[in-house]
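Here the structure is laid out as structure tokens; the discussion comes afterwards.
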Amino acid sequence: MADRPEEPAGRAHLRLVRGDASPEEIAALVAVLAARGGSGPPVVRARSTWADPALAMRGRLTAGPGAWSRSARTAGQRFPAGG
693 MADRPEEPAG RAHLRLVRGD ASPEEIAALV AVLAARGGSG PPVVRARSTW
743 ADPALAMRGR LTAGPGAWSR SARTAGQRFP AGG
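Following my numbering, the numbering of the sequence shown begins with 693 at its first residue and continues without gaps.
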């Protein structure tokens, strides 16, 4: 690690390219940027069962009495066979 050159201590992370901002305006900008980012990793929410792609898959069709009427119910898990 001693072989790596250190970053300069005065390296700017923010650079004004146009205009004449006061120190108060720069402080306000830095405060907004600091509050906006750096909050940690994004929170991953559990998928809603309404959006579950498995519900779009057709269930197994069975032969026998009532099979014709059950075939109209295509959302496999919402309407189990025999229901």
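Note that the Cβ used here is the ideal one computed from N, Cα and C, for glycine as well.
Which residues in the same chain as residue i place their Cβ atom closer than 7 Å to its Cβ, once the five residues preceding and following it in sequence are excluded?
{"i": "R728", "result": "none"}
Please report the straight-line C-alpha distance between residue i and residue j, rounded to a whole angstrom.
{"i": "P745", "j": "V724", "result": "39 Å"}
{"i": "S714", "j": "A720", "result": "10 Å"}
{"i": "M749", "j": "G732", "result": "37 Å"}
{"i": "L708", "j": "E717", "result": "11 Å"}
{"i": "P734", "j": "A764", "result": "42 Å"}
{"i": "E711", "j": "V736", "result": "In the sequence under discussion, the amino acid at residue 711 is Gly, which differs from the Glu named in the question. So the alpha carbons of these two residues sit roughly 40 Å apart."}
So the alpha helix (DSSP H) residue i belongs to, where does it begin and stop?
{"i": "V709", "result": "Taken as a continuous stretch (DSSP letters only), V709 belongs to no alpha helix (DSSP H), as it is neither H nor E."}
{"i": "L721", "result": "715 to 728"}
{"i": "R703", "result": "Where R703 is concerned, there is no enclosing alpha helix (DSSP H), given that its DSSP letter is neither H nor E."}
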